[in-house]
Amino acid sequence: MQQKLKRAMGAIQGVKIPDMPKEVLELQQELNHKFPNTQNIVHIIQQNTKLSGEVLRIANSKAMRLKTPATGIKDAVDALGFVNLQNLVLAAALKNIFSADSTFTEILEHSIDVAYCAAELSDWVDGISRDQAYLLGLFHNGGAMMLASKLGKDYAKLFSQSLSNPISVIATEEEKLDTNHCMVGVLLGQKWRLPVDMLSAIMLHHNASCSRIQQDRVRAMVAILKISNAIVSEVSLGAYCGQEGRDYLQDGIDELMMDSDVVADIRRGLMTNNVA
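So the number in our numbering is just where the residue sits in the sequence shown, counting from 1, plus 229.
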């Protein structure tokens, strides 16, 4: 494992893994208190106008399904709770960092769509909340964004290949880069203090079979990512899906014992709703 991470670090040499914004660190410190203070939490997020605006946008998005729209950070805290809000703050911070460069546009938009689908799928999976699924969906391609920042258009070609060949693309990346975007994504996730199960899901989401994964929660997260990626890739490619993509999707469906009607509903929701 350490050798794989070392190779991943070598592949992005010269590109700094982005730091968490100070507001995120301050928020985590406040939430570690035995009795977190709502007023302090609201103040911390409001320090960064861009971050607070993105938090509100995500909180009010179709992915979160708030019964009453949040008009301010206090509303979002009250509606979502401390832990759920923390996940959205992390998601908002990541989006703000990578959206500053057009190099990441395609990957970021794909990740936002995957995050929406993952949140929808989480309703059918015990123990994974919508905000956790959304955060996972947004972060799962963090390594791809890091490689894009290093290699630009050269990596964009590999990313496009991953949409139709989600399993074999890892071998292609290993051959060309001596690493893959999943391992680079683990580096980013570690720095941003993602939970261990999310790091494992990020590392394994291009596996051919969920059955190879021992931990139930990680296996469920990978299945969510597989279905979400397949839906988004199919929509992005104009409804084209090759055999490898179909196998990838079916493995996720089989793992979650998901009804095909649910997948079809989420696909329709992605196509008809503005989720970005």
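Just so it is clear, CB atoms sit at the ideal spot from N, CA and C, and this is done for glycine as well.
Listed in chain order, the alpha helix (DSSP H) runs fully inside the stretch 341-421 are 359-368, 371-380, 382-393, 398-406 and 410-420, counting runs of at least 4 residues. Here the alpha carbon of residue 475 sits roughly 29 angstroms from the alpha carbon of residue 294. Given a length threshold of 4 residues, each whole run of the alpha helix (DSSP H) inside the stretch 424-489 is given here in chain order: 425-433, 445-465 and 472-485.
If you check the CB distance, residue 323 and residue 264 do not come in under 8 angstroms.
Residue range 231-240 is occupied by the alpha helix (DSSP H) that includes residue 238.
DSSP, reduced to helix, strand and coil, places residue 246 outside both helices and strands of the structure shown, so it counts as coil. When the five nearest sequence neighbours on each side are left out, the beta carbons in the same chain lying within less than 6 angstroms of the beta carbon of residue 463 are those of 470, in order along the chain. Ranking 291, 304 and 297 by CA distance to the CA of residue 274 puts 304 first.
Boundaries of the alpha helix (DSSP H) around residue 280: 278-288. The beta carbon of residue 299 is closer than 7 angstroms to those of 285, 288, 289, 305 and 308 in its chain, skipping five residues each way along the sequence. When secondary structure is reduced to three states using DSSP, residue 498 falls in the helix class. For the set 244, 381, 432 and 261, the Cα lying nearest the Cα of residue 419 is the one of 432. With 16 or more other Cβ atoms from the protein chains shown falling within 10 Å of its own Cβ, residue 337 counts as buried.
Around the CB of residue 333, 16 or more other CB atoms lie within 10 Å, so the residue is classed as buried.
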